[in-house]
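A.B. asks: Each residue of the sequence shown is one higher than the one before, counting from 6 in the numbering used here. Using N, Cα and C, we set each Cβ at its ideal position, and we do this for glycine too.
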Amino acid sequence: MKRLYTGIFLVSLIGAAVSPAFAQNPSHLKWREYETEHFKIFYPEGQEFTAYQAAEIAEKVYEPLTNMYGPTDSKVSIVIRDDEDYANGGAYFYDNKVEISATSLDYEFRSYSDWLWNVLTHELTHIYKGEFRP
């Protein structure tokens with residue numbers, strides 16, 4: 006029985022040690038950066054259209070959000086990802102960063118509204134609202 010527990014422990018230890026390697030960005034991606042007055046947009050090569058559209062949306066919602074909640078101390082980073090099979094977004098207060106997993110921009114979610122506008126505004130609201138600020 007002791008041998009079984011030792012084996013399970015070793016397999017778990019090895020799994021925990023190598024799992025961070027699988028969480029990294031694919032090495033074939035070439036990342037680009039586009040900077041606006043209030044944002045830094047990071048995106049993989051080939052996603053220029055999505056990045057520029059995200060920059061335009063972010064700048065349009067910047068004033069209403071910061072008038073309501075106040076600005077952050079530095080530019081917010083927006084990371085556009087296209088390595089997932091689903092559309093999603095997340096706000097990471099500790100990095101002053103928003104990540105968007107973007108599928109094609111004609112993705113129908115929440116009826117026929119502009120998904121990128123909705124998710125980016127939603128995630129930026131988390132950043133500016135300050136509910137996550139220390």
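Report the rounded CA-to-CA distance for Pro-69 versus Leu-34, giving the unit in angstroms.
C.D. replies: 34 Å
A.B. asks: Return yes when the Cβ of Thr-71 is within less than 9 Å of the Cβ of Tyr-133, no when it is not.
C.D. replies: yes
A.B. asks: Can you give me the C-alpha to C-alpha distance between Gly-75 and Asp-87, rounded to a whole angstrom?
C.D. replies: If I take the Cα positions, the gap works out to 30 Å.
A.B. asks: Would Val-103 and Leu-129 be called neighbours here (beta carbons separated by less than 9 Å)?
C.D. replies: yes
A.B. asks: For Glu-104, which three-state DSSP category applies?
C.D. replies: Here Glu-104 sits in strand by DSSP.
A.B. asks: Taking its Cβ as the centre, do 16 or more other Cβ atoms sit within 10 Å of Ile-13, making it buried, or is it exposed?
C.D. replies: exposed
A.B. asks: Can you give me the start and stop residues for the alpha helix (DSSP H) that Ala-96 sits inside?
C.D. replies: No alpha helix (DSSP H) contains Ala-96, which is instead part of the beta strand (DSSP E) from 93-97.
A.B. asks: What did DSSP end up calling Lys-65 once you bin it into helix, strand or coil?
C.D. replies: helix
A.B. asks: Under 8 Å by Cβ, that's how I've got Gly-95 and His-127 pegged, so tell me the actual separation to the nearest angstrom.
C.D. replies: Contact between Gly-95 and His-127 does not hold, since the beta-carbon distance rounds to 10 Å and is not under 8 Å.
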